[in-house]
Each structure stands twice: as structure tokens, then as C-alpha cells.
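Notes follow once the structure below has been shown.
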Amino acid sequence: MLPEDLLLLFVDERTGQALAGPEAVENALSGAMLIELVHSGRLAYDPNGLQLWVPDPTPLPHPLLHESLVRLRAPLTPRRAVPRIRRHVRDNVMAGLEARGVLAVEKRIFGGFVIRDPAVAGEVRTAVGSTLFGHRAPDARSGALISLLHAVKSVHKVFSGGKHELTARAKQLADGCAPAVAAIHAAVAAEMVVATVAATSEGRLLR
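Using the working numbering, the letters of the sequence shown correspond one by one to residues 6 to 212.
Here it is, written out as C-alpha cells:
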């Protein structure tokens with residue numbers, strides 16, 4: 006599932022630390038959840054109206070997807086959808102990975118994460134990295150993951166390489182994504198701007 010793949014990309018397998026800040030991780034995961042719902046056919050994107058809507062509210066078999074779907078009953082813009090599902094998305098995705106035995110959350114370990122199944126995490130990182138570095142053609146899944154990393158300015162944090170080159174390549178791939186993915190990318194990026202402004206203002210107030 007796209008949100009689980011994305012969270013694995015954000016985890017440093019050696020230290021267990023997240024490779025980006027909580028705002029970046031949570032906003033990106035919210036975007037991944039929206040894209041997964043679009044791919045599942047339970048969330049539709051109207052490029053003319055620039056809105057997301059639920060054509061089929063039938064309960065989904067995956068509880069994590071359904072929990073997010075029920076928060077999106079009314080037609081709404083991607084910009085409104087991202088914060089609507091952001092509150093619990095990281096905990097829900099971590100719980101799903103824990104249930105699969107892929108990742109563990111241990112408070113006694115600095116960083117909080119332990120990769121239990123390196124093969125799964127490695128497969129995701131290899132697939133996305135191969136696309137990012139041009140070793141294979143992008144598909145919808147790898148393109149969406151790279152687009153979300155780019156939206157939260159974290160491509161260079163997740164993959165080794167020059168920041169300028171990685172950002173340029175990620176932008177190229179993001180620009181080639183489907184309209185719904187592009188709209189969700191823009192919404193996630195906008196939420197990051199809000200988070201940055203809020204953090205800056207709070208820092209000024211604390212001085």
C-alpha cells in the first residue's frame with residue numbers, strides 16, 4: 006500500500022530515525038492515502054471542478070483505507086482533504102506495518118523505529134531509487150511516491166546524491182504524474198508552506 010511504502014522510505018534502516026520532520030512525514034502520508042484511495046476507485050478526481058468526491062462509499066476491506074475514506078464524505082478540494090485525514094494517518098500506517106511484521110515502534114530506541122523485515126523495506130527503496138536515478142521507466146506507484154517526497158522537499162533526505170540534481174529529477178517525474186496525483190502533490194506542498202510559516206512565526210514569538 007502506498008502510505009506504507011512511503012513511511013518505509015522515511016525510515017533510516019540503520020538508526021531507526023525518521024529522515025524528515027513530523028510535518029513532512031504526516032503531510033506526505035496524507036497525500037499517499039488520498040492517492041491510494043483514488044487508485045482503489047473509491048475516491049474520484051474531477052479535473053474540471055478540481056474536487057475529490059466519493060463515488061462508492063461501500064466499506065473497504067482494509068480498515069486503514071476505510072478510516073480515511075469516511076472522513077471524505079462530501080466533495081472537497083485536495084487542499085481540504087489533506088488536513089482532514091492527517092491527524093491519525095502516521096499512527097495508523099505504523100500500526101499496519103507492525104501488524105505485518107515489517108516495522109516495530111520501540112520507544113526505548115532513539116528514533117523510535119526498528120525495521121523487522123529489511124527485504125520489504127529494501128524492495129521499496131530499490132524500486133523507487135531505480136526510477137529516481139533513471140535506471141528504469143517510472144510507473145504510477147514510483148512516480149507518486151517520488152512526487153510526494155518532492156512535495157515535502159525530502160527527496161535529498163531520503164536518497165543520497167546532490168540536492169539540486171535529485172530535486173530536478175523528482176520535479177520532472179512529478180510533472181509527468183496523472184492529474185489527480187498532481188493535484189494532491191500541490192495540496193501537500195501547500196500544507197508544507199503553512200507548516201513552515203507557522204513554525205517560523207512560533208520561533209519568533211519564543212525569542
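Glycine is no exception: its CB is placed at the ideal position from the N, C-alpha and C atoms.
Measure the alpha-carbon distance for residue i versus residue j and round it to whole angstroms.
i    : j    : result
G166 : E103 : 30 angstroms
R84  : G139 : 30 angstroms
M197 : L81  : 19 angstroms
R212 : R146 : Because the pLDDT of R212 is 49, which lies under 50, any placement of that residue in the model is unreliable, and the number read from its coordinates should be weighed accordingly. Cα to Cα, the separation comes out at about 43 angstroms.
L171 : A79  : 37 angstroms
A149 : D122 : 23 angstroms
R91  : R141 : 32 angstroms
L213 : A192 : Nothing about residue 213 can be reported from this structure: the residues present for the chain run from 6 to 212 only.
Q177 : L153 : 13 angstroms
L108 : L14  : 12 angstroms
L57  : V163 : 29 angstroms
G21  : N53  : 43 angstroms
H67  : N97  : 11 angstroms
A179 : T63  : 31 angstroms
T201 : H155 : 15 angstroms
D51  : L42  : 14 angstroms
A132 : V186 : 19 angstroms
S73  : I151 : 22 angstroms
L77  : R89  : 8 angstroms
A86  : R19  : 34 angstroms
Taking the beta carbon of residue i as the centre, do at least 16 other beta carbons fall within 10 Å, making it buried, or is it exposed?
i    : result
T136 : buried
D10  : buried
P143 : buried
K168 : exposed
R95  : buried
V119 : exposed
P8   : buried
A173 : exposed
V75  : exposed
E31  : buried
G181 : exposed
Is residue i helix, strand or coil by DSSP?
i    : result
Q56  : strand
L7   : helix
A124 : helix
F138 : coil
F15  : helix
L48  : coil
V119 : strand
A192 : helix
L65  : coil
Is residue i near the ligand ADP, going by C-beta to nearest heavy atom under 7 angstroms?
i    : result
A100 : This structure simply doesn't include the ligand ADP, nor any ligand for that matter.
For the putative contact between residue i and residue j, defined by C-beta atoms under 8 angstroms, what is the C-beta separation to the nearest angstrom?
i    : j    : result
V110 : A29  : Rounded, the Cβ-Cβ distance is 18 angstroms, inconsistent with contact.
V160 : A183 : Actually they are not in contact, since the Cβ atoms of V160 and A183 sit about 19 angstroms apart, beyond 8 angstroms.
G101 : L65  : So it is not a contact: roughly 13 angstroms between Cβ atoms.
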